[in-house]
Amino acid sequence: MPTKKTPEDIQLAMQSLQANFKHVLSQRTDFFSQVLVSIRENDFSQLPDVISKAHQLAGSCGSFGLHFLGRLARQIEVNALLIRDKTDSDVARLNLCEAINNFIEESNSNKDQPVTFQFLGKALNAPNTIQSVWFVLSDSNFRSELELQLTAFDFTVRSFSSYAECSLAIKDSMPGLLFCETQLAGDSLFSQHDLLDCIVQNKTKLMLCSKDDDFETRINAVRHQAQAFFVGQLDSTRILQRIIRLFDEMNFVDKKVSILDDDSLLAEHYSWVLGAAGIEVQVIESAKYIIQDLLSFKPDLLLLDMHMPDYSGPDVSGLIRQYDQLSSLHITFLSAEHDIHRQLQALSYGADDFLTKPISNQHLVSAVKLRLARNRDIKSMIECDSLTGLVRHGSIKDTVYTEFEKMKRNGQHFCVAMVDLDHFKSVNDSHGHAVGDIVISTIATLLQKRLRRSDRAGRYGGEEFLVVLPDCSVNNAKRLLESLLDSFKNIQFSGVDRQFTCTFSAGLVCSSNGLGDADTLIEAADQALYQAKHNGRNQVSILADV
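When we follow numbering that gives the first Met the number 0, the leftmost residue of the sequence shown carries the number 0, and every step to the right adds one.
The structure is reproduced here in structure tokens:
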């Protein structure tokens with residue numbers, strides 16, 4: 000997990016970046032002063048450098064608060080491109096000289112003025128949203144079932160049977176999320192203006208359910224910024240998963256962005272801005288190592304500069320799309336390119352969209368968060384099991400392969416655990432497959448909720464799960480699994496005619512055991528699971544005991 004940065008850390012880093020940018024700006028101004036003499040004498044030998052440096056400044060000046068200077072740099076680039084393409088070269092030469100002179104004058108006039116950083120305040124390190132959920136539902140049995148499930152996942156829960164009760168309670172405290180019916184006892188939620196205004200003002204998440212599926216109700220849900228809308232018979236499993244996912248998004252859990260930009264100062268600036276908003280960032284230093292860096296870091300989004308000296312953004316984007324493991328990675332070109340034709344041409348190499356430089360700090364954070372949220376939805380549909388929300392068999396095995404290769408490179412050991420529900424057939428036989436699905440979904444949600452950010456869990460098949468724990472000793476792994484086991488066996492499930500509990504068994508193995516490859520490691524975890532079953536179930540068994 001990345002180290003959290005204090006406001007003071009961020010302020011100092013930004014001041015350092017500003018000072019470095021001013022130094023680079025001074026160097027660029029000196030360069031333009033020198034090249035201006037050559038251009039006036041019809042010497043265009045340095046034109047490629049003029050285009051490259053002007054393009055960089057057009058994209059970076061605005062991020063450091065010098066918007067007008069960035070526009071002047073853009074004029075230099077446009078006129079230099081006209082000369083390069085031999086379009087009205089005489090007129091373009093005069094215009095280029097004027098643009099360079101304007102840039103030099105503006106740069107010198109700003110020499111002693113401090114560059115400001117727009118601090119993002121509350122966005123710092125992501126909000127630690129209180130895990131409080133309130134329900135306004137008419138079905139008391141369903142309310143009780145949801146309360147039971149959410150309490151087991153460390154949520155604070157309150158439930159109400161009317162809008163009036165909720166409106167009264169909300170004057171004293173606010174939940175992180177409100178889930179309620181759109182109609183109660185003949186009243187419409189959308190007529191509860193005070194309640195809804197309070198929800199919007201305090202940025203409380205809203206989830207709705209309705210017995211009827213009609214256009215106006217859905218439109219009203221959208222207009223009141225509902226994050227989810229359920230129709231008809233309510234499914235506690237789906238609702239539980241959605242609630243946990245919303246809180247993960249509010250707390251920005253497991254959000255990773257990689258940046259590749261040949262302007263190292265600008266890349267570092269973006270890194271600090273996004274880091275202040277609670278996003279984990281990787282700055283890639285060279286396009287040559289991008290595949291290795293992406294496979295190791297596993298980002299959700301790549302911000303990719305379109306114009307780089309050795310390899311263009313489209314080159315790099317096309318390269319990335321050759322790798323199946325990176326097929327779901329969202330790629331956004333972050334460039335000062337304004338030509339729509341060139342933008343569309345660049346997107347044909349496998350990127351997803353464009354953000355045009357210069358971009359303000361707030362705009363960058365908002366744009367990245369929107370893309371991360373949308374990409375998470377798409378990635379989930381592609382890679383995840385529909386019942387549990389965990390990655391499927393192939394993806395979790397790939398995680399073991401990746402960790403094994405990392406272990407061979409850096410010697411950092413990891414653990415693998417095979418988890419299997421005990422006596423699950425009897426759950427299906429006694430209570431039906433629908434209840435069995437709830438049990439499977441609940442253990443999957445527990446794994447998602449309680450594992451570390453660096454850990455991964457996947458549905459291996461049926462009621463069996465594979466858990467990968469990077470940089471984890473076997474003793475720490477066992478303690479974690481036993482903690483999960485204790486929590487899970489205390490969860491009450493509603494059966495056909497009674498409440499019941501369920502347990503699981505786990506087999507654990509560490510890469511330090513000297514096993515030859517990833518497949519052997521998985522097989523060893525399966526053997527350890529068999530021993531846990533043989534020894535009475537409801538326990539964690541380590542390979543060394545086999």
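Positions of the beta carbon are idealized from the N, C-alpha and C atoms, including for glycine. None of the values given here were measured: they were computed from a predicted structure.
- Here the alpha carbon of Gly431 sits roughly 26 Å from the alpha carbon of His533.
- Around the Cβ of Glu267, a 10 Å sphere holds 16 or more other Cβ atoms; the residue is buried.
- Between the segment 180-194 and the segment 139-149 there are fewer than three inter-stretch CB-CB distances shorter than 8 Å, so the stretches are not counted as touching.
- Of all alpha-carbon atoms in Asp212, Ser511 and Lys85, the one lying nearest the alpha-carbon of Asn409 is that of Ser511.
- The C-beta distance from Ala416 to Ala476 rounds to 7 Å, short enough to fall under 8 Å.
- Its Cα nearest to that of Val230, the residue Cys208 stands out among Glu76, Arg536, Cys208 and Cys60.
- Pairing Val256 with Val280 gives a Cβ-Cβ distance under 8 Å.
- Take the alpha-carbon of Lys488 and the one of Phe499: they are about 10 Å apart.
- Residue pairing for His362: DSSP places it in no beta bridge.
- At a Cβ-Cβ threshold of 8 Å, Gln130 and Phe246 count as neighbours.
- Listed as beta-bridge partners of His329 by DSSP are Leu300.
- Considering only Arg27, Ala168 and Lys52, the residue with the shortest C-alpha distance to Ile103 is Arg27.
- Of the residues Leu35, His66, Arg222 and Tyr322, the one whose Cα lies closest to the Cα of Gln291 is Tyr322.
- Around the C-beta of Gly274, 16 or more other C-beta atoms lie within 10 Å, and the residue is accordingly described as buried.
- Put simply, the segment 148-162 does not touch the segment 198-213. Fewer than three CB pairs are less than 8 Å apart.
- When secondary structure is reduced to three states using DSSP, Met406 falls in the helix class.
- Counting along the chain, Lys356 sits inside no beta strand (DSSP E), nor does DSSP assign it H or E at all.
- Rounded to the nearest angstrom, the gap between the Cα atoms of Lys21 and Leu265 is 12 Å.
- For Thr216, the three-state secondary structure derived from DSSP is helix.
- If only uninterrupted beta strand (DSSP E) runs of at least 3 residues are considered, those enclosed by the segment 436-465 are 455-460.
- Rounded to the nearest whole angstrom, the CA to CA distance from Asn94 to Ile381 is 52 Å.
- Counting along the chain, no alpha helix (DSSP H) covers Ser44, and no H or E run does either.
- Counting C-beta atoms within 10 angstroms of its own C-beta, Val90 has fewer than 16 neighbours from the protein chains shown and is therefore classed as exposed.
- In the structure shown, the three-state DSSP call for Gln182 is strand.
- The C-alpha of Leu68 is placed about 7 Å away from the C-alpha of Glu105.
- Following the DSSP letters along the chain, one finds Cys165 inside the alpha helix (DSSP H) bounded by residues Tyr162 to Ala168.
- Rounded to the nearest whole angstrom, the CA to CA distance from Ile377 to Asp421 is 33 Å.
- A residue is called buried once 16 or more other Cβ atoms fall within 10 Å of its Cβ, and Gln33, having fewer, is exposed.
- Assigned with DSSP and collapsed to three states, Pro469 falls in strand.
- The beta-bridge partner set that DSSP reports for Arg157 consists of Trp133.
- Only residues of its own chain outside the window of five on either side were considered, and among them Ala57, Gly58, Ser59, Cys60, Gly61, Ser62, His66, Gly69 and Ala335 have a CB closer than 8 Å to the CB of Pro357, listed in chain order.
- Going by DSSP, Ile541 is part of the beta strand (DSSP E) stretching over Val539 to Ile541.
- In chain order, Lys254, Asp299 and Leu300 place their CB closer than 7 Å to the CB of Leu371, counting only its own chain and leaving out the 5 sequence neighbours on each side.
- CA-to-CA, the gap between Glu76 and Ile319 works out to about 29 Å.
- When secondary structure is reduced to three states using DSSP, Glu481 falls in the helix class.
- Beta-bridge partners of Val415 (DSSP): Val467 and Val508.
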